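**Student:**
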Amino acid sequence: MKREFYNAAMQGSMDAFQGMGQKIESILTPNNNTIIHVHLTNYTNKVSEAFVEVILRMCPALLSKTNKKGETILHIAARFGHHKIVQMLIDCAKDSSEYINGVRAEKILIRATNDMKDTALHEAARYGHPKVVEVLIKEEPDHSYFGRNVDDETPLYIAVERKSWDVVDTILDCSNSPKYNGPKGRTALHAAILHASEEKVLKLLRRNLSAAKEADENGWVPLHLAALCASSSMIGELLRYDTSTAYMRDREGRTALHLAALVGRLFAMKKILEHCPDCYEWVDVKGSNALHYMTEQSGSVFESSIEILQDAALSNMYNQKDNDGNTPLHHLARRATEWKTFDYHPLLKGIARDAPQKDISSYHSRVDSMAFNKYGQTAVDIALDAVPRQRAEENSMLRFLQLIGAELGGRVLDENLRPGEQEKRQEFAVDGGENVYKTYSKGVAATLSVVAILIATVTFTAGFTLPGGLFQDGEHKGSPILKYNAAFIAFIVTDSLSFVLSTSAVFALVMSSIVGKEEDEKVYLSMLVKCAILTMVAMVFMIISFGVAIYAVLDVSKGFGVVTLLIVLSFFFIAIILIWRAYVSIKRSKQSGYHGPHYSPNQGLERIRDIQLLRTI
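If you're matching positions, the sequence shown starts at 87 in the numbering used here and goes up one per residue.
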């Protein structure tokens, strides 16, 4: 397109196109945009209806001509919100009185899709133009022609997701049967629950009650999403329209009650149980009930979850086992390494605290603290699978389990367990016990090895690049120039000590990786502690050797040498501050922690458990 034509099209000037007639159709941009396409995209100047009308009279073919993206001028007008021009374009199509395969020209224009399968209505909904939407729907109220685009979006879904409520209202009020479909199997009702107010959800429900049962690719109906993010009143309204949705399960067998329990939305659980008191009986594909899911939560959620657990109708859930025989207490125990001293789950709280038990003692008597799963494990066995052995005595979960009467099972495990069941039994515990401990130990060992090797390298190099240099000739050729200097002698001694200690630390790390790591964790931990001490002392001597080396070189300027030495030795002042702060933090943490009895396992059962593990793992 020539520059003068482009500028004239942008400005809506007719002069450049007078007398061209049908030749106007050949005036195109590289993307095959016509002069009307160009004119409608001009947002800096007022778009001229007269310009569009005159050009279409001169060249009617432009009405249906598309650019490289398959967009007609109606798509562009709808995108930019030119509702009067949209109406004019439709009227122009009507005036032609053309029929193509029995369909009027204006219908074909309105139903036309671009390469993304978007109609003009999709464009108007996407960019929030309710007046354009009203014009288009008035001319074509049948929404079957405004289906899904390549992203599986319908105009209504697009408007809801973008919170274009005026557009949503226009579509719902003016359409005969608007399409609710959206991507990933979701509907406009799903999107409304995620993004809308209760008013819009109710309006969508009233127009299409069946949408309440439409499930997405996860198997989630709108109530599943509401359980995760909606208000109590919105959940209540969804259930008032159709209580059967409370019993609908997703691909993993979870109901809305399961999801509410998983994220700790107790008000949602109460609302669901209020409308459907027996829906708690549903379990997921692993056999887990809602109480199994509640054990995933911590903190303040525990306090309010007491109300749920006090419901006598839910007493069957306390000891219900999943497919592996694990009760909710087993699931709670598997999180032993994540347990914080300020978190008290209602399954433990009544007995674990010194507070009066009148509110919750009624259900504690119904919790089977010695329930066994398929692998012969009690909750304590599960917790001990998660907690590193050397930390078991101070673990809060183990203390609380013991206080409510839970103990090691002591059952001899079946030697004929199917392949893989032993691994599954061990893996049930949340990673964070032995695995996290081993990961932490590996991280410490890696850090120590890097530091120790670095110190050894630096001190080794310093031993052959002596401060002050060497005599280059004479009877002392090759000898250190500062060999009689006291600071130089101190450098030689401290550098040698640092090299020996760091090399010893590296050797100890190598030995610890060969012996003790898998056989005896205590030996491995002891080796790590020794390596840490050797590395730190080597670091101290390295700092001293650097300081005295600088002092020896600056011997001719005593004052400057002393100042430099003090700067180097300020390392110790910084180190003391860091150590003190770490000590204070640890002390405060201990002071704010639990001061009750420690977990003390039954030694006989502990030995039986060790024997069982040796025989079966």
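For every residue, glycine included, the Cβ atom is placed at its ideal position computed from N, Cα and C. Note that this is a predicted model, so its numbers are computed, not measured.
Taking its Cβ as the centre, do 16 or more other Cβ atoms sit within 10 Å of V371, making it buried, or is it exposed?
**Tutor:** As a working mapping, residue 371 is identified with position 285 in the sequence shown. V371 comes out exposed.
**Student:** Give me the Cβ distance between L595 and A531, rounded to the nearest whole Å; I'm assuming they're in contact under 8 Å.
**Tutor:** To locate residue 595, count along the sequence shown from 1; it is residue 509. To locate residue 531, count along the sequence shown from 1; it is residue 445. For L595 against A531, the beta-carbon gap comes to about 6 Å, under 8 Å, which counts as contact.
**Student:** Counting Cβ pairs, one atom from each stretch, are 3 or more of them under 8 Å apart for the segment 144-164 and the segment 199-206?
**Tutor:** yes
**Student:** Give me whichever residues DSSP pairs with P566 in a beta bridge.
**Tutor:** Numbered from 1 along the sequence shown, position 480 holds the residue referred to as residue 566. Partner(s): L556.
**Student:** Is A342 closer than 9 Å to L377 when the C-beta atoms are compared?
**Tutor:** Stepping through the sequence shown from its first residue, residue 377 is reached at position 291. Stepping through the sequence shown from its first residue, residue 342 is reached at position 256. No. Outside cutoff.
**Student:** Run through DSSP, which three-state label would I113 get?
**Tutor:** Working through the sequence shown from its first residue, we reach residue 113 at position 27. In this structure, I113 counts as coil in the three-state DSSP scheme.
**Student:** Measuring CA to CA, which of I567, N187, R335 is closest to A313?
**Tutor:** Looking up residue 313 in the sequence shown gives position 227. The shortest Cα separation from A313 among I567, N187, R335 belongs to R335.
**Student:** Taking 8 Å as the cut-off, does the segment 547-566 touch the segment 643-651 (at least 3 CB pairs, one atom from each stretch)?
**Tutor:** no
**Student:** Give me, in chain order, the residues of the same chain whose beta-carbon lies closer than 6 Å to that of L207; leave out the 5 immediate sequence neighbours on both sides.
**Tutor:** Working through the sequence shown from its first residue, we reach residue 207 at position 121. Excluding residues within five positions, the ones whose Cβ falls inside 6 Å are L222, F232, P241.
**Student:** What three-state label does DSSP hand T543 in the structure shown?
**Tutor:** Residue numbering aside, residue 543 sits at position 457 when the sequence shown is read from its first letter. Three-state result, T543: helix.
**Student:** If you count every other CB in all the chains shown that lies within 10 Å of the CB of S263, and 16 or more means buried, which is it?
**Tutor:** Your numbering for residue 263 matches position 177 in the sequence shown. So S263 counts as exposed.
**Student:** Around the C-beta of A191, are 16 or more other C-beta atoms found within 10 angstroms, so that it is buried, or is it exposed?
**Tutor:** For this step, residue 191 is matched to residue 105 along the sequence shown. Buried.
**Student:** Determine contact between the segment 131-150 and the segment 165-178, defined as no fewer than three beta-carbon pairs at a distance below 8 Å.
**Tutor:** In short, these stretches touch, since the Cβ pair count reaches three.
**Student:** Ends of the alpha helix (DSSP H) at A316?
**Tutor:** Numbered from its first residue, the sequence shown carries residue 316 at position 230. Where A316 is concerned, there is no enclosing alpha helix (DSSP H), given that its DSSP letter is neither H nor E.
**Student:** Give me the DSSP bridge partner(s) of R190.
**Tutor:** Translated into the one-based positions of the sequence shown, residue 190 becomes position 104. The partner list for R190 (beta bridge, DSSP) reads Y185.
**Student:** For D101, which residues from the same chain have a beta carbon less than 8 Å from its beta carbon, with the 5 sequence-adjacent residues on both sides left out?
**Tutor:** Numbered from 1 along the sequence shown, position 15 holds the residue referred to as residue 101. Taken in chain order, the residues that qualify are A94.
**Student:** At the level of alpha carbons, what is the spacing between H344 and N375?
**Tutor:** Position 258 of the sequence shown, counted from the start, is the residue given in the question as residue 344. Position 289 of the sequence shown, counted from the start, is the residue given in the question as residue 375. Each residue's alpha carbon lies about 7 Å from the other.
**Student:** Could you check the C-alpha separation between V586 and T533 for me, to the nearest Å?
**Tutor:** Translated into the one-based positions of the sequence shown, residue 586 becomes position 500. Translated into the one-based positions of the sequence shown, residue 533 becomes position 447. The alpha-carbon atoms of V586 and T533 are separated by roughly 19 Å.
**Student:** Going by C-alpha distance, which of P216, H281, T256 is nearest V246?
**Tutor:** Position 160 of the sequence shown, counted from the first residue, corresponds to residue 246. Checking every option, the nearest Cα to that of V246 belongs to H281.
**Student:** Looking only at its chain, what residues have a beta carbon closer than 6 Å to the beta carbon of R197, apart from the 5 residues adjacent to it on each side?
**Tutor:** Taking the first residue of the sequence shown as position 1, residue 197 is located at position 111. If we look at R197 and ignore the five residues flanking it on each side, its Cβ neighbours are Y231.
**Student:** Ordered along the chain, which non-local residues of its own chain (more than five positions away) have a Cβ less than 6 Å from that of I694?
**Tutor:** For the purposes of this step, residue 694 is taken as the residue at position 608 of the sequence shown. Low confidence applies to I694: its pLDDT is 47, below 50, so where it sits in the model is not reliable enough to give any reading.
**Student:** Quick check on DSSP: helix, strand or coil for N267?
**Tutor:** Indexing the sequence shown from 1 puts residue 267 at position 181. Taken through DSSP and simplified to helix, strand or coil, N267 comes out as strand.
**Student:** Report the residue from G339, W306, M355 whose alpha carbon sits nearest the alpha carbon of S318.
**Tutor:** Counting from one through the sequence shown, the residue named residue 318 turns up at place 232. Ranking G339, W306, M355 by Cα distance to S318 puts M355 first.
**Student:** Is it the case that the Cβ atoms of V537 and M625 are separated by a distance below 9 Å?
**Tutor:** Within the sequence shown, residue 537 is the residue found at index 451, counting from 1. Within the sequence shown, residue 625 is the residue found at index 539, counting from 1. A contact, by the Cβ cut-off of 9 Å.
**Student:** For L295, which residues of its own chain have a beta-carbon under 8 Å away from its beta-carbon, when the five flanking residues on both sides are left out?
**Tutor:** By 1-based counting over the sequence shown, the position of residue 295 is 209. Same-chain partners within the cutoff: Y327, D328.
**Student:** Spell out the partners DSSP gives T273 in its beta bridges.
**Tutor:** Reading the sequence shown from its first residue, position 187 is the one you call residue 273. Note: T273 sits in a beta bridge opposite N267.
**Student:** Are S401 and R452 close, meaning C-beta to C-beta below 9 Å?
**Tutor:** Mapped onto the sequence shown, residue 401 falls at position 315. Mapped onto the sequence shown, residue 452 falls at position 366. Result yes, Cβ atoms of S401 and R452 sit closer than 9 Å.
**Student:** Is R337 buried or exposed, if buried means 16 or more other CB atoms sit within 10 Å of its CB?
**Tutor:** As a working note, residue 337 is residue 251 in the sequence shown. R337 should be labelled exposed.
**Student:** Thinking C-alpha only, which one of K88, I279, N117 is nearest F103?
**Tutor:** Residue numbering aside, residue 103 sits at position 17 when the sequence shown is read from its first letter. The option with the nearest alpha carbon to F103 is K88.
**Student:** Taking only three categories from DSSP, how would you classify N93?
**Tutor:** One-based indexing of the sequence shown puts residue 93 at position 7. Three-state result, N93: helix.
**Student:** Tell me the residue span of the alpha helix (DSSP H) that contains H361.
**Tutor:** Within the sequence shown, residue 361 is the residue found at index 275, counting from 1. First-last of the alpha helix (DSSP H) with H361: 352-361.
**Student:** How far does the alpha helix (DSSP H) with L288 in it extend, from its first residue to its last?
**Tutor:** As a first step, residue 288 must be located in the sequence shown, where it is residue number 202. It spans 284-293 - the alpha helix (DSSP H) in which L288 sits, taken as one unbroken run.
**Student:** Is S386 buried or exposed, if buried means 16 or more other CB atoms sit within 10 Å of its CB?
**Tutor:** By 1-based counting over the sequence shown, the position of residue 386 is 300. With a pLDDT of 49 at S386, under the threshold of 50, the modelled position of this residue cannot be trusted; read the value that follows with caution. So S386 ends up on the exposed side.
**Student:** Whose C-beta lies closer than 8 Å to the C-beta of F458 among residues of the same chain, with five residues either side of it excluded?
**Tutor:** Position 372 of the sequence shown, counting from 1, holds the residue named residue 458. Excluding residues within five positions, the ones whose Cβ falls inside 8 Å are G411, T464, G495, R497.
**Student:** For I110, collect the residues of the same chain with a Cβ closer than 8 Å to its Cβ; drop the 5 residues on either side in sequence, then sort them by chain order.
**Tutor:** Translated into positions along the sequence shown, residue 110 becomes position 24. Counting only Cβ-Cβ distances below 8 Å, and skipping sequence neighbours, we find F103, T120, I121, I141, M144, C145, L148.
**Student:** Just mark G105 as buried or exposed, buried being the case when its beta carbon has 16 or more other beta carbons within 10 Å.
**Tutor:** Working through the sequence shown from its first residue, we reach residue 105 at position 19. It counts as exposed.
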